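For the sequence shown, full-length UniProt numbering gives the first residue as 1, with consecutive numbering after it. Here a beta-carbon is modelled for each residue, glycine too, at the ideal position from N, C-alpha and C. Here the structure is a predicted model, which is why all the values come from computation and not from measurement. Below is one structure, written out as structure tokens; the observations come after it.
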Amino acid sequence: MLRFGIVSQINPVLAQARVSFEDDESTSFWLPVLQTKTLKDKFYSMPDIGEQVACLMDENSEDGVILGAIYSTEDVPVVTSEKQLSLNLENNSLINIDKETNSLNITFENINLNGNINHTGKLINTDGIKSNADITDKTSSMRAMREIYNPHTHTGNQGSPTSAPNKTM
């Protein structure tokens, strides 16, 4: 049977929770929280304590599964378009996919990526670029340009070489 209740306890290690049901003032045993993938690929998401959830329970409400959280009049969706897929966290971090504008928006204080990134298109940056490694374009690297620029001299007015630049790269 389908039942609606409020999460009263969670066990994040086992991906389980207990649910309080108002209709008969009972609390479930530990119930697994339904996940999208659990075998080779892993997906993990837990409801919050106090979150309203839908549960599929046996006829005695002794065993079942938490199907997922549901919105209410108090907890409303922050996105109201069927064209968007959105993850909004309580700390204002955000992942939003908009099918209408064909865009992905990510807002986090720090984003750590591990692996190669292949990019096609214009890169627009508004706050500088910092690299702990050499930067190379199709012609040369920043290191190679410094090796040429920093020691370079010119022929002075009387034919002798000038000194290297006062400011190096």
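Rounded to the nearest angstrom, how far is the Cβ of Phe29 from that of Glu62, given a contact under 8 Å?
-> 7 Å
Verify whether the separation of the beta carbon atoms of Ile6 and Ala17 is less than 8 Å.
-> no
Among the residues of its own chain, which have a CB less than 6 Å from the CB of Pro165, if the five just before and after it don't count?
-> Here the set comprises nothing.
Under 8 Å by Cβ, that's how I've got Leu94 and Ile106 pegged, so tell me the actual separation to the nearest angstrom.
-> 7 Å
Separation of Ser81 from Phe21, as counted between CA atoms = 31 Å
Should Leu87 go down as buried or exposed, given a rule of 16 or more other Cβ atoms within 10 Å for buried?
-> exposed
Beta-bridge partners of Ser86, as assigned by DSSP | For Ser86, the beta-bridge partners assigned by DSSP are Asn96.
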